[in-house]
Amino acid sequence: MSAPGTAPTETIQGWGGPMMEAIGVSRWFGDVVAVSDISFSIGPGVTALLGPNGAGKSTLLRMLCGLSPPDRGEIRILGADPRSDLAVRRRISIVPQQEAVFERMSALELVRLAGVLTGVADPDVAARDALAVVELDAADPRPVTSYSKGMKQRVKVAQALVNDPAVMVLDEPLTGLDPRQRRHLIDLFAVLGDQGRCVLVSSHVLEEVERFGSRVLVIAQGRLAATGDYRAIRDLMDDRPHRIRVRTDKPREVAASLLLYAGVQSTAVVAGRAGREPAVLVDTTDAPTFRRSVAAIAHSLDAQLWEVTPLDDDLESVFRYLVQS
Ligand SMILES: Nc1ncnc2c1ncn2[C@@H]1O[C@H](COP(=O)(O)OP(=O)(O)OP(=O)(O)O)[C@@H](O)[C@H]1O
Ligand SMILES: [Mg+2]
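This is how it looks when you write it as structure tokens:
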């Protein structure tokens, strides 16, 4: 174990094992099991923690940083328990989910204060370095309260960076940002990961995670539902049964033809709403094939395709499926 204040890359090079490990970790609040028997281990680079609201993401992240103890199981950061090993505790930073309380201070003052509180050797230099990484101007005298949401989020990241952490945990940092601000932060995560840090970023938006990089931990109802790269998770989600509504001027013909194609288990023609044409309900476990063929089928029947709507494509039903399987 290296001394506190050592640059993370030195420790990372000296530490051969996983940077972050959860071993059978559980945590409950009264009757609510927030995190249930979760085990994983990850190394340097960006990893996404994906899960719907209430899945247990924040509870897990807080335990990983040593902010709260697991009721069962063990957390290992750089091989040590972050609650008992202070040297390791100093190598971890969290960007919390909650909006930070921004005093009427400049970005430099706020990040410098974070440096003082974490006991870094030269808080001023450390704060300027951290602001440079997140591409904010250390000379900007404006109070952070006047910043855009995206800039405020980057100040929070700079505060977390000021102690040059080996392990960084960010709890839903992209919530409420516009696409350009998201892009900027996602690029920043990649930079931090490339520096050899272990960066764990939580999200409840699947499409966001695609851009984080390859590794994903999926958590639902407190359990680790799936792990793998984004593609593997996406395939798993595509493999589940899908129900899709198709509206066309030739529902019976389209329904019959769809049945002949791979992956379609059943079709049903149901009455349309408000006097409209009947709709076709399709159940398929091969959504990609369905998506590829539906237009061609309509075309071959000379039918008009008015609507193709997945009826269960919300993330909640995807996670429900993953937890059941
Ligand atoms: N301090 C607490 N006291 C009681 N219950 C809690 C506490 N913290 C979390 N919970 C419960 O534990 C479960 C997991 O909550 P958690 O905040 O970890 O989920 P999350 O995935 O971070 O959700 P979100 O996407 O809404 O941030 C929820 O059922 C929540 O109500
Ligand atoms: Mg949360």
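Count the sequence shown with this note's numbering and you get residues 845 to 1169, in order.
Backbone N, C-alpha and C define an ideal beta-carbon position, used for all residues, glycine too.
Inter-residue CB distance, residue i and residue j (contact presumed, cutoff 8 Å)
i            : j            : result
residue 1126 : residue 1090 : 6 Å
residue 1103 : residue 1092 : No, residue 1103 and residue 1092 are not in contact; Cβ-Cβ is about 15 Å, not under 8 Å.
residue 864  : residue 883  : The pair is not a contact, with the Cβ atoms about 12 Å apart (cut-off 8 Å).
residue 916  : residue 870  : 4 Å
residue 935  : residue 1011 : 6 Å
residue 982  : residue 961  : About 18 Å; that fails the 8 Å criterion.
residue 878  : residue 937  : Wrong, their Cβ atoms sit about 22 Å apart, outside the cutoff.
Distance CB(residue i)-CB(residue j) smaller than 8 Å
i            : j            : result
residue 1095 : residue 1062 : no
residue 892  : residue 1053 : yes
residue 986  : residue 971  : no
residue 1002 : residue 980  : yes
residue 939  : residue 1014 : yes
residue 988  : residue 999  : yes
residue 1131 : residue 1073 : no
residue 932  : residue 921  : yes
residue 1165 : residue 1067 : no
residue 905  : residue 1046 : yes
residue 890  : residue 1056 : yes
residue 1109 : residue 1016 : no
residue 1009 : residue 1059 : no
Buried or exposed (CB count within 10 angstroms, at least 16 for buried), residue i
i            : result
residue 897  : exposed
residue 1033 : buried
residue 993  : exposed
residue 975  : buried
residue 1162 : buried
residue 857  : A caution first: residue 857 carries a pLDDT of 45, below 50, which makes its placement in the model unreliable, though a value can still be read off. Answer is exposed; the Cβ neighbour count stays below 16.
residue 824  : Nothing about residue 824 can be read from this structure; the chain reaches only from 845 to 1169.
residue 1151 : exposed
residue 1023 : exposed
residue 1026 : buried
residue 959  : buried
Starting from the N-terminal end, write out each residue whose C-beta falls within a distance shorter than 6 Å of any non-hydrogen atom of ligand 1. 873, 876, 878, 895, 897, 898, 899, 900, 901, 902, 903, 941, 1048
Could you tell me whether the stretch 904-915 touches the stretch 923-932, where touching means 3 or more Cβ pairs closer than 8 Å? yes
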